[in-house]
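Asker:
Numbering (my numbering), first residue to last: 498 to 645.
1. Between residue 579 and residue 546, what straight-line distance do the alpha-carbon atoms span, to the nearest angstrom?
2. Return the CA-CA distance between residue 531 and residue 516, expressed in angstroms with no decimal places.
3. Helix, strand or coil, according to DSSP, for residue 560 in the structure here?
4. Just how far apart, CA to CA, sit residue 537 and residue 567?
5. Does DSSP classify residue 634 as helix, strand or coil?
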């Protein structure tokens, strides 16, 4: 083997190595691109899942707030109904008290009138009794029995 042949073999070997190196680099670039694409897809999927989870959490929070607001509205309505019922009962009680006071006043008037009538009746009985059973005036008796 002469030098020229060795040189050719070295060149061929160098070319072969450069070709293999270039192919290895291309393969590495393809694998890197494929890995980057796969990683980007994984990240996109992860972002999408995170966005969906956030949306679900926001919806859940909104539903919870709406349920709380509905509960508060219901409690307010119950309180309002209770207050209205209490007001109606208070008004009915006030009317009943006024009616009782009016009845008491009328009863007192009737009792007073009955007392006056009873006194008048008693006075009238006494006048009748006094005139019927009252002894005659002593002067009248004396004049009737004049000594002779």
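Yeah, the Cβ is synthetic: ideal placement off N, Cα and C, and Gly gets one too.
Answerer: In short:
1. Spanning the two alpha carbons is a distance of roughly 49 Å.
2. Residue 531 and residue 516 have their C-alpha atoms roughly 22 Å apart.
3. helix
4. 44 Å
5. coil
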